[in-house]
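*Asks:* Sharing a structure below in structure tokens format, with a few things to ask.
Residue numbers (the numbering used here): 3 to 184.
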């Protein structure tokens with residue numbers, strides 16, 4: 003690879019390592035959720051139902067159907083956490099490597115990689131936590147609102163970091179060398 007021009011070396015990957023570590027942790031979180039779900043789906047659903055049953059009178063005013071609807075949606079949120087972790091973790095790894103290959107400065111590389119990795123992990127955890135929290139609050143909307151402090155910065159970090167990576171891809175196209183004037 004040393005004979006290839008402009009190929010980054012290992013040192014250029016160093017600033018990206020914190021974000022890559024978070025992205026890989028996000029992937030492990032997603033894979034772990036898949037395993038836990040496969041082995042314990044009934045136990046998880048029972049825990050969600052028990053959480054709703056504990057507040058059946060006070061939060062659901064005795065409406066069992068309303069509680070079961072929230073429990074079902076909570077399980078969907080947990081599955082969403084698993085799917086988001088897999089997709090966002092993978093996207094964070096790929097976009098971080100792209101930023102390194104584009105030769106961004108160490109500071110820019112570190113900022114983008116951390117935004118991608120932390121955002122991916124935070125947003126995946128948000129969906130899992132919202133799923134666990136919703137039955138005791140009486141709605142998934144209430145759970146999402148209670149965890150807004152995590153969802154907004156996490157999704158914002160992913161959006162900003164992905165936009166920055168896109169800018170890094172477009173800049174070389176805009177900065178084409180102009181032919182010398184005669």
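Ideal Cβ positions, reconstructed from N, Cα and C, are used throughout, including at glycine.
Report the residue ranges of all beta strand (DSSP E) runs contained in full by the region 73-124; include only those spanning at least 3 residues, in chain order.
*Replies:* Here no run is fully enclosed.
*Asks:* Say whether the region 82-98 touches the region 119-132, bearing in mind that this needs 3 or more beta-carbon pairs closer than 8 Å, one atom from each stretch.
*Replies:* They touch, by the three-pair rule.
*Asks:* Is residue 121 closer than 7 Å to residue 159 when the C-beta atoms are compared?
*Replies:* Contact: yes.
*Asks:* Within a Cβ cutoff of 7 Å, which residues of the same chain sit near residue 22, ignoring the five residues on either side of it in sequence?
*Replies:* Excluding sequence neighbours, residue 22 sits near 95, 98, 115, 119.
*Asks:* How about residue 152 and residue 124: are their beta carbons less than 7 Å apart?
*Replies:* Yes.
*Asks:* Closer than 6 Å by C-beta to residue 157: which residues in its own chain qualify, once you throw out the five before and the five after it? Chain order, please.
*Replies:* 125, listed in sequence order.
*Asks:* So what does DSSP say about residue 185, is it helix, strand or coil?
*Replies:* The question about residue 185 has no answer, for the chain in this structure spans 3 to 184.
*Asks:* Measure the Cβ-Cβ separation of residue 50 and residue 89 and say whether it is below 7 Å.
*Replies:* No; because the gap between Cβ atoms is not below 7 Å, this pair is not in contact.
*Asks:* Tell me the DSSP secondary structure of residue 43 in three-state form.
*Replies:* Residue 43 falls in the helix class under three-state DSSP.
*Asks:* Helix, strand or coil, according to DSSP, for residue 183 in the structure here?
*Replies:* Three-state DSSP puts residue 183 in coil, outside helix and strand.
*Asks:* Assess contact between the region 133-146 and the region 42-59, defined as three or more Cβ pairs (one per stretch) separated by less than 8 Å. Is contact present?
*Replies:* Taking 8 Å as the limit for Cβ pairs, the verdict is that the region 42-59 does touch the region 133-146.
*Asks:* Roughly how many whole angstroms lie between the Cα atoms of residue 18 and residue 174?
*Replies:* Taking the straight line joining both Cα atoms gives about 21 Å.
*Asks:* To the nearest angstrom, how far is the alpha carbon of residue 53 from that of residue 150?
*Replies:* Those two C-alpha atoms are separated by around 21 Å.
*Asks:* DSSP three-state label for residue 165, please.
*Replies:* Helix at residue 165.
*Asks:* Where does residue 149 sit, in a helix, a strand or coil, going by DSSP?
*Replies:* Correct three-state label for residue 149: coil.
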